[in-house]
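Numbering (the working numbering), first residue to last: 65 to 438.
Following this line, the structure appears as C-alpha cells:
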C-alpha cells in the first residue's frame, strides 16, 4: 500500500478506495444548532445514494434535530458522559457495531466521537485532522482557511468521498400532531391573556411575532431593556407577541414581558425541545439572539431576524433575505472576537430597537407575499 507523510511526520496509509455505501452513519454529538446545520449532509447523502440506510448519532438534545427526518432510519442517542469509563452505554456500542456501517461521517471530531467512529469498524471513516485522533479516520475533512458557512463546512466532509453537494438550508421535520400542538398552545395562551379566542385566527390576521430573548452567554444577548422597548413599540400594532425562553431563561423572559405590560405578550418557557420547535413553527416571524433558535427558525420555514454580536455571520447566518430572513450585525473594529462575556458589548448595543422593528416589517412583508402566491 502506498504511504504518505502525515501532519506530524508520521507515515499514514493511503485512504482505502471508496465504494458505494449500503449503510451510513452521520455523527454530530453536541450542540443543537450545529446538529440542525448538519442536516444538509443527510439530504446530500440521500440524493446521491437513494437506497442506502442512513443513521444519526448524537447526544439527547442535538439528536432531536434528526428525529422525524425522512432520510434517517435510526437515531442513536447518547447520554452525556457523566464519568463513565466507556464512550457510550454498551447497548449503544453494541448497536453501532452490529450495524455494519460502510461509511461513518464524524462532523464533531472530539475524542469521544472519534473513538465511536473507530469502534463501528466501518472501512470508511471521515473526520477532522485534529491531534492524534486523526489516525482513527480513513479520510479527513479538508482544512478551512477562509470563513465558510457552517452548512458548507459540514458538506466538506463529503468531498473526500467524491460527493459534491451545494449548500442548502437545513430543514427540521415536525409531524402533523407536533405542529398542531404548537398552534393549540399559542391559541390557549392567547385566550388566557385576552388577546384571542378559542377559535384559530384567520390566515393573515394579527400575525404572531416570537422573541427568543436569552442565550447562555451574556456576550450573545441583545440587552434586556432593548427587548422590553421592542415589545412596547410592537404593542402599538395588532401584532401578537410571544416571549420565548430556553432552559434557565424563564426569569429573564418574564422580566422582559413584565416591563412591557401593554404588549399583553405571552411567555412560553420550560418546554421540551421539539415542543418548543412546534411553537416556533406556528409563528409568523422569529426574532432571536445567536444560538440554536437562530437555526431552528429558518429550518422550520419561519422568517427569522437574527441579532448577532461577536460571531461571524458568514459562518453562522447562512440564510437568505429571499426566504424572508434578516441579519442584524454591526461591523465594528473589535468583532468578530468570539467572546462569551464582554464589558462593553458595543456590537450588540449599536443595534437599535428601530432597526429590529424595520427588520420585522421586512420579514412580515415577505411572509405576506409568500402566502399570497402560495
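Using N, Cα and C, we set each Cβ at its ideal position, and we do this for glycine too. Quantities reported herein were computed from a predicted structural model and do not represent experimental measurements.
Item                                                                                                                                                            : Value
What does a CB cutoff of less than 8 angstroms around residue 326 pick up in its chain, not counting 5 residues either side in sequence?                        : 296, 299
Would you call the segment 315 to 323 and the segment 240 to 252 in contact, with 3 or more CB pairs under 8 angstroms?                                         : no
Using three-state DSSP, classify residue 191 as helix, strand or coil.                                                                                          : strand
Which complete beta strand (DSSP E) runs does the segment 271 to 349 hold, if anything under 3 residues is left out?                                            : 272 to 276, 304 to 308, 330 to 332
Find the nearest neighbour of residue 333 within the set 347, 273, 317, 163, judged by alpha-carbon distance.                                                   : 317
On a CA-only basis, which of 161, 273, 89 is nearest residue 369? Give me that one, please.                                                                     : 273
Which of helix, strand or coil does DSSP assign to residue 223?                                                                                                 : helix
Could you check if residue 150 is buried or exposed, using at least 16 other CB atoms within 10 Å of its CB as the buried criterion?                            : exposed
Beta carbon of residue 283, beta carbon of residue 355: below 8 angstroms?                                                                                      : no
When we look at the beta-carbon of residue 68 and count the other beta-carbons within 10 Å, is it buried (16 or more) or exposed?                               : Summary for residue 68: the model assigns pLDDT 37, below 50, so the residue's position carries little reliability; its value from the coordinates is reported in the next sentence. When all chains shown are included, residue 68 counts as exposed.
May I ask which residues mark the beginning and end of the alpha helix (DSSP H) holding residue 137?                                                            : It is not in any alpha helix (DSSP H) - residue 137 instead sits in the beta strand (DSSP E) that spans 136 to 142.
How is the alpha helix (DSSP H) around residue 97 delimited, first residue to last?                                                                             : 96 to 112
Residue 85 and residue 219: beta carbons closer than 8 angstroms?                                                                                               : no
Mind checking which residues open and close the beta strand (DSSP E) that includes residue 160?                                                                 : Per DSSP, residue 160 belongs to no beta strand (DSSP E); it is in the alpha helix (DSSP H), 154 to 162.
Starting from residue 121, trace the alpha helix (DSSP H) both ways and give me its first and last residue.                                                     : It is not in any alpha helix (DSSP H) - residue 121 instead sits in the beta strand (DSSP E) that spans 117 to 123.
Cα separation between residue 427 and residue 383?                                                                                                              : 13 angstroms
If I measure Cβ to Cβ from residue 267 and keep anything under 6 angstroms in the same chain, skipping five residues before and after, which residues do I get? : Its pLDDT being 42, under 50, residue 267 is placed unreliably by the model, and nothing is read from it.
Just to confirm before moving on: does the CB-CB distance between residue 285 and residue 417 stay below 8 angstroms?                                           : no
Would you mind working out which of 379, 276, 222 sits nearest residue 330, comparing C-alpha positions?                                                        : 276
When the Cα atoms are used, what is the spatial distance from residue 257 to residue 167?                                                                       : 52 angstroms
Just list the residues that DSSP pairs residue 204 with in beta bridges.                                                                                        : 191
Using the rule of at least 16 other Cβ atoms within 10 Å of the residue's Cβ for burial, across every protein chain shown, is residue 367 buried or exposed?    : buried
Could you check what DSSP says for residue 431 in three-state terms: helix, strand or coil?                                                                     : helix
Leaving out five residues before and five after residue 423 in sequence, what residues of the same chain have Cβ atoms less than 7 angstroms from its Cβ?       : 369, 390, 392
Verify whether the separation of the beta carbon atoms of residue 112 and residue 163 is less than 8 angstroms.                                                 : no
Hey, out of 377, 387, 126, 361, whose CA is closest to residue 411's CA?                                                                                        : 377
Counting along the chain, where does the alpha helix (DSSP H) carrying residue 246 start and finish?                                                            : 240 to 257
According to DSSP, is residue 90 helix, strand or coil?                                                                                                         : strand
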